[in-house]
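A.B. asks:
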Amino acid sequence: MTQGDAEMTDKIGIYEQVFGMELDAIMDAQLKLQVDLQFDTHHEFLVRHGLNDCRKVLDVGTGNGSFLIRTAEHHPRTHFIGLDLKDNMIALASTAAADAGVTNLDWMVRDICDGIENQDGASIDGILVRFVSMHIHRKIDRVLRNIFDILKPGGHLWGISVDASKITGNYPSGAFDAYRQMFERANTKFDIDGRIGGALPGKLVEAGFAVEAVEMDPMSKHTVGISNYQRYFLHEIAIYHAFAPEHVTDEDVEFMRWFVENEVPLQEYDGSHGLVMMSAVKP
Ligand SMILES: C[S@@+](CC[C@H](N)C(=O)[O-])C[C@H]1O[C@@H](n2cnc3c(N)ncnc32)[C@H](O)[C@@H]1O
Numbered sequence: 298m299t300q301g302d303a304e305m306t307d308k309i310g311i312y313e314q315v316f317g318m319e320l321d322a323i324m325d326a327q328l329k330l331q332v333d334l335q336f337d338t339h340h341e342f343l344v345r346h347g348l349n350d351c352r353k354v355l356d357v358g359t360g361n362g363s364f365l366i367r368t369a370e371h372h373p374r375t376h377f378i379g380l381d382l383k384d385n386m387i388a389l390a391s392t393a394a395a396d397a398g399v400t401n402l403d404w405m406v407r408d409i410c411d412g413i414e415n416q417d418g419a420s421i422d423g424i425l426v427r428f429v430s431m432h433i434h435r436k437i438d439r440v441l442r443n444i445f446d447i448l449k450p451g452g453h454l455w456g457i458s459v460d461a462s463k464i465t466g467n468y469p470s471g472a473f474d475a476y477r478q479m480f481e482r483a484n485t486k487f488d489i490d491g492r493i494g495g496a497l498p499g500k501l502v503e504a505g506f507a508v509e510a511v512e513m514d515p516m517s518k519h520t521v522g523i524s525n526y527q528r529y530f531l532h533e534i535a536i537y538h539a540f541a542p543e544h545v546t547d548e549d550v551e552f553m554r555w556f557v558e559n560e561v562p563l564q565e566y567d568g569s570h571g572l573v574m575m576s577a578v579k580p
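Each residue of the sequence shown is one higher than the last, beginning at 298 in my numbering.
1) Compute the distance between the beta-carbons of GLY491 and VAL459, then report whether it is under 8 Å.
2) With a 10 Å radius around its C-beta and 16 neighbouring C-beta atoms as the bar for buried, classify LEU531 as buried or exposed.
3) Which two residues bound the contiguous alpha helix (DSSP H) that contains PRO498?
4) For VAL354, write down the residues that DSSP places opposite it in a beta bridge.
5) Check VAL399 in the structure and name its three-state DSSP category.
6) Consult DSSP for LEU531 and reduce its assignment to one of helix, strand or coil.
7) If you run the structure through DSSP and keep just helix, strand and coil, what is GLY451?
8) Using three-state DSSP, classify MET516 as helix, strand or coil.
9) For ALA541, does the three-state DSSP call read helix, strand or coil?
10) Please indicate yes or no: does the CB of PHE364 lie closer than 7 Å to some heavy atom of ligand 1?
11) Any chance the CB of VAL357 is under 7 Å from a heavy atom of ligand 1?
12) Can you name, in chain order, every residue of its own chain whose Cβ lies under 6 Å from the Cβ of HIS434, other than the five neighbours on each side?
13) Over what stretch of residues does the beta strand (DSSP E) that includes VAL578 continue unbroken?
14) Output yes or no for whether 8 Å exceeds the beta carbon distance between SER576 and ALA510.
15) Could you check the C-alpha separation between GLY412 and HIS538 for me, to the nearest Å?
16) Between LEU328, ILE421, GLY358, which has its C-alpha nearest ARG297's C-alpha?
17) Would you say PHE364 and PHE336 are within 8 Å of each other, going by their C-beta atoms?
18) Let me know the secondary structure DSSP gives VAL561 once reduced to three states.
19) Residues in the same chain with beta-carbon distance under 7 Å from PHE506, minus the five sequence neighbours each way, listed in chain order, please.
20) Counting only the same chain and skipping the five closest in sequence on each side, list residues whose C-beta sits under 8 Å from that of GLN300.
21) Please report the Cβ distance between ALA394 and ASP438, rounded to the nearest whole angstrom; I am assuming they are in contact, meaning their Cβ atoms lie under 8 Å.
22) Would you kindly work out how many angstroms separate the C-alpha atoms of MET513 and VAL573, rounded to a whole number?
23) Can you give me the C-alpha to C-alpha distance between THR368 and GLY471, rounded to a whole angstrom?
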């Protein structure tokens, strides 16, 4: 078998794996892949912006907890609290933490839009909001004020979110633009604001924070490797297709699959996923 044959077999393997999987399994795989691919960049950003100084950190909208559990493993002397609206997410997260033997964590089921009581006289000195603001964009001003109130003066706020206006690529077929449009149409259906990453720094200032840094996460095929990147894309397409079939046609899926196979591996082309990382301090 030539190297080209081996690569093709590997690609077909990825297609079959992804499109043959149950939706839940694809979503789990994508959450895990996202943390695998982005953990180092996001964790390094948090450390550069004060995480090592924190003793109690709240993760708002922690989801399945995989990012927080990994962070807690790196900072055994810091106590972490993962908060989520959904009790099934918190159940997954606490089981995963127990399985991993990570004990410097607590979990809380709460709607952050309802506010949260001041923990032990504002002892929280770090708050993470990772991929959550887009879901609560209509109430984001109130949420940021709530977060401001429970954070200790001098405490850190880290936000990681998408700015869809910064999803750009130079792929010749226009498939990357089609992907961006698919993302925006599906988000509209689910009332998700995929552009909020660009608006958040201004909103943090309005809520009273001093913004310290706003950086783009450089995630691309050049930073994560081509096969990881292909897998990432195929998961996204499969998930959007399942959730918003009226916005993602079978032709869209075929176009994306063609793109992932043919254009993504070409070295000269690349794209940005518009992931914005920001840090702020409560004065
Ligand atoms: C895309 S996931 C992000 C999970 C995790 N932060 C991560 O980075 O992998 C968004 C999470 O926010 C939670 N969420 C959405 N609205 C919320 C709210 N009002 N209060 C608390 N959690 C919320 C959802 O239940 C979901 O688990």
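Virtual Cβ for every residue (Gly too), placed ideally from N, Cα, C.
C.D. replies: Once the coordinates are examined:
1) Their beta carbons are under 8 Å apart, which means GLY491 touches VAL459 by this criterion.
2) buried
3) 493-503
4) Paired residues: PHE377, GLY423.
5) coil
6) helix
7) Here DSSP, grouped into helix, strand and coil, assigns GLY451 to strand.
8) Look at MET516 here: in three-state DSSP terms it is coil, with no helix or strand label.
9) coil
10) yes
11) yes
12) Only ASP490, ILE493 meet the Cβ criterion.
13) 568-578
14) yes
15) 34 Å
16) Coverage of the chain is limited to positions 298 through 580, which leaves residue 297 absent and any answer about it impossible.
17) yes
18) Looking at VAL561 - three-state DSSP - the assignment turns out to be coil, as it is neither helix nor strand.
19) PHE445, LEU454, ALA577, VAL578, LYS579
20) Low per-residue confidence applies at GLN300: pLDDT is 44, beneath 50, and the placement is therefore not dependable enough to give any value.
21) Going by Cβ atoms, the distance from ALA394 to ASP438 rounds to 32 Å, so no, they are not a contact pair.
22) 5 Å
23) 37 Å
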